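For the sequence shown, counting from 1, position 9 maps to 360 in my numbering; every step adds exactly one. Where is the CB? At the ideal position from N, CA and C, for every residue including glycine. All of these numbers come straight from a predicted model, not from anything done at the bench.
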Amino acid sequence: AGTRAASQAHVCRTVARRAERAVIALQGREELKPTPRQYLNRLSDLMFVLARVLNRYRADGTV
């Protein structure tokens, strides 16, 4: 069982991944720079790490 904050970070990660897939689909139809896809990928990575950190250091001080 994780913290509520970590769960919210995972939801944000899911949204970022969905947006990344939408950008990839759009790149199939139009020429786009790779920057938006890279940004969304890094954002989802950050949300994953944030969720791990939030679960590790809970609000009650337990690790």
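On the premise that leucine 391 lies in contact with alanine 370, defined as a C-beta separation below 8 Å, what is that separation, rounded to the nearest angstrom?
The residue given as residue 370 occupies position 19 in the sequence shown. The residue given as residue 391 occupies position 40 in the sequence shown. Confirmed, about 5 Å.
Considering only the beta carbon of each residue, do alanine 356 and leucine 394 sit closer than 8 Å?
As a working mapping, residue 356 is identified with position 5 in the sequence shown. As a working mapping, residue 394 is identified with position 43 in the sequence shown. The answer is no: Cβ separation not under 8 Å.
Give, in chain order, every unbroken run of the beta strand (DSSP E) that is at least 3 residues long and sits entirely within the stretch 363-399.
Taken in chain order, the whole beta strand (DSSP E) runs of length 3 or more contained in the stretch 363-399 number zero.
Inspect the beta-carbon positions of valine 374 and arginine 388 and report whether they are closer than 8 Å.
What you label residue 374 is simply residue 23 of the sequence shown in a count that begins at 1. What you label residue 388 is simply residue 37 of the sequence shown in a count that begins at 1. Closer than 8 Å, so yes.
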